[in-house]
Amino acid sequence: MYLFKRVDQLRAFLNGGRTNNRTVGFVPTMGALHQGHLSLVERSLAENQVTVASIFVNPTQFNEASDLEKYPRTPGKDLEKLAKVGCTVAFLPEVSDMYPPGLDTNLELDFGTLDKTMEGSERPGHFNGVAQVVNRLLEIVTPEYLYMGQKDFQQQLIVREMTRLLQLNTQVVTVPTARENDGLAMSSRNVRLTTAARAQAPTLYQTLQAAKERLTKGEKVADIEHWALSTLQQETELRPEYFSIVDADTLLSLNSAASLPERIVACTAVWAGEIRLIDNLLLQGKL
Ligand code: AMP
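Note that my numbering has the sequence shown beginning at -19, numbered continuously upward.
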C-alpha cells in the first residue's frame, strides 16, 4: 500500500497510473477505522483498479472543540487495517495542505431542505464543513467513484446534491450500514460508550426495525414517531434527540403528505451519556 501525506505526492502517483479504462474509487474517512469503513474500501476495491482511502479529522465539521479533541485517533492501526484489505493508497493530509492560507475553500451551496432538518438543525454549520472537506478532497483525488456510508444518511444525500450542483465527474455510491452482532451500527464513537450505555445502544436499531414493521402494517407516521421516541426514552442511559420518518430523497416530513413517497427512511439521534449516536433504516424503497 502506498502512503502519501502531501497533495503533490498523491497527485503525481494518480497522474502516473491514470491510463485507459482505469477508475479511481475514493473513501474519505476520519480514521479510527472499523469494519464499516473497511466495507466501503472493499466495495471500492471490487469496482475500481485504484482505491484511495483518506484519513483526515476535519476541524470544520465539528461543532464543539471538545468533540474534535476527543475524536479517537489511531493512525498506526488504521494503516494496518487498510493494508490488510488491500487498499491501494492511504492519504493522510495535514490541515495546512487541505486548507492552505490564501486558498478559499468555503462553499456557498444551497442544499434546500436537505440540511435544514435532523443533523442540520442539531449541528449548525456541520454540513457546510462536510461539503467543504469532501469537495476539497474530490478536487485533489478526482475519483470516478466516491463511496459513502448509509450510516450517515443525510450526509450521503448532501454529498450527492453537492456533486450534482457542482456538476462533478464523480458518482456517489452509498454502501449499507455495517453493524455489530447485536445490531448497533458500527461507529468510531462506540468505544467511548460506558458499559451500561453500550448494553442499551442496540435499542436504536431494534426501534428502527419495529418502526418499519409498524409502517408496513399501516400505522400512522406520527404515531410511530411518538411510539419510537417514548420507547427510546424508557432506556435509562439513552436520551433521544429525534426520531424522524421522512421522504428519503427530500428529507421532508411525511405528516402532511397526501400519499407516501417511494422511498421512506427513519433517522434517529440519541445521546448515550456524552456520546451522540445516529442510525437509520429505509422503511420503504431501496438504497
Ligand atoms: P467517518 O470516519 O465517520 O467520517 O466515516 C467515513 C465514512 O464511513 C462515511 O461515509 C461513513 O458514512 C462511513 N461509515 C461510518 N460508519 C459506517 C458503518 N457502520 N457502516 C457503513 N459505513 C460507515
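Idealized CB from N, CA, C, for every residue including glycine.
Contacts around residue i, its chain only, beta-carbon distance under 7 Å, and the 5 residues preceding and following it disregarded
| i | result |
| --- | --- |
| Y222 | M98, T248, A249 |
| D77 | R(-14), V(-13) |
| R140 | V152 |
| G(-3) | V30 |
| L20 | V7, Y127, G129, V155 |
Short Cβ contact (8 Å threshold) for residue i with residue j
| i | j | result |
| --- | --- | --- |
| N38 | G100 | no |
| L164 | L137 | no |
| I35 | T3 | no |
| V245 | L262 | yes |
| R23 | V171 | no |
| Y125 | F(-7) | no |
| L257 | L209 | no |
| M142 | L89 | yes |
| Q41 | V113 | yes |
| T85 | R116 | yes |
| A179 | A252 | no |
| K61 | L18 | yes |
| S168 | P52 | yes |
Terminal residues of the alpha helix (DSSP H) in which residue i lies
| i | result |
| --- | --- |
| G16 | 15 to 27 |
| A228 | Note, A228: premise wrong, no alpha helix (DSSP H); not H, not E. |
| A45 | 45 to 50 |
| A63 | 55 to 65 |
| D77 | 75 to 78 |
Secondary structure of residue i, DSSP reduced to three states
| i | result |
| --- | --- |
| Q112 | helix |
| L195 | helix |
| L218 | strand |
| T187 | helix |
| Q151 | strand |
| A70 | strand |
| A177 | helix |
| L83 | coil |
| F42 | coil |
| A202 | helix |
| L137 | helix |
| L(-17) | strand |
| A246 | strand |
| R159 | strand |
Burial state of residue i, where buried means 16 or more other Cβ atoms lie within 10 Å
| i | result |
| --- | --- |
| L188 | buried |
| E205 | buried |
| N161 | exposed |
| E49 | exposed |
| P123 | buried |
| A111 | buried |
| L83 | exposed |
Cut-off 6 Å between Cβ atoms - residues of its own chain near residue i, not counting five sequence neighbours on either side
| i | result |
| --- | --- |
| P241 | D227 |
| F71 | F(-16), L(-10), V32, S34 |
| G56 | none |
| A300 | The structure shown does not extend to residue 300, since the chain is modelled only from -19 to 267, so the question has no answer here. |
Residue span of the beta strand (DSSP E) that contains residue i, given as start and end
| i | result |
| --- | --- |
| N260 | 255 to 264 |
| M98 | Counting along the chain, M98 falls outside any beta strand (DSSP E), and DSSP gives it neither H nor E. |
| P8 | 4 to 9 |
| M128 | 125 to 129 |
| S34 | 30 to 35 |
Sequence-distant residues of the same chain with beta carbon closer than 8 Å to residue i, five excluded per side
| i | result |
| --- | --- |
| N260 | Q130, K131, F133, T157, L188, V245, A246, C247, T248 |
| N43 | R103, P104, G105, H106 |
| L213 | Before going on, a small fix: residue 213 reads as Gln here, not Leu. Excluding sequence neighbours, Q213 sits near R219, P220. |
| Q15 | A158, M166 |
| T54 | G11, A12, L13 |
| A237 | D227 |
| Y79 | T40, T85, R116 |
| R243 | D227, A228, D229, L262, Q264, G265, K266 |
Contact with chain C by residue i, beta-carbon distance below 8 Å
| i | result |
| --- | --- |
| G11 | The chain inventory of the structure shown lacks chain C, comprising one protein chain alone. |
Near ligand 2: residue i beta-carbon under 7 Å from a heavy atom
| i | result |
| --- | --- |
| D58 | With respect to small molecules bound, the structure shown includes ligand 1 and not ligand 2. |
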